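Here the structure comes first, spelled out in structure tokens, and everything after it is commentary.
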Amino acid sequence: MLLRKGPWMPEEDEILVDYVNQYGPRDWSSIRSKGLLPRTGKSCRLRWVNKLKPDLKRLLCNFIHA
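Here's what the structure looks like:
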């Protein structure tokens, strides 16, 4: 499977959300090794944190500053 670069497709986001709902937000590199997405683990993690779960950063900031 070739690595895919560039903008994420809605179908890829759906696969990533399904994966995280099933396995939790960890072991990002297994997404590619299982053949689910042609993206690196780092790319999947960044997509999850920055676009699909943006409240994660706000929750962490509130926790740190509390």
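Once you know that position 38 of the sequence shown is 38 in this note's numbering, the rest is easy, because the numbers rise by one and skip nothing. C-beta: ideal position from N, C-alpha, C; glycine also. Note that this is a predicted model, so its numbers are computed, not measured.
Starting from residue i, trace the alpha helix (DSSP H) in both directions and tell me its first and last residue.
i, result
"N21", "P10 to Y23"
"G41", "G41 to R47"
"R32", "S29 to S33"
Is residue i near residue j, with beta carbons less than 8 Å apart?
i, j, result
"L52", "L37", "no"
"R45", "R4", "no"
Go through its chain and collect everything with a Cβ distance to residue i's Cβ below 7 Å, but skip five positions before and after it.
i, result
"W48", "L16, V20 and P25"
"G41", "W28, S29, I31 and R32"
"D13", "L52"
"N50", "none"
Nearest-angstrom Cα distance between residue i and residue j?
i, j, result
"S30", "S43", "12 Å"
"L2", "K34", "13 Å"
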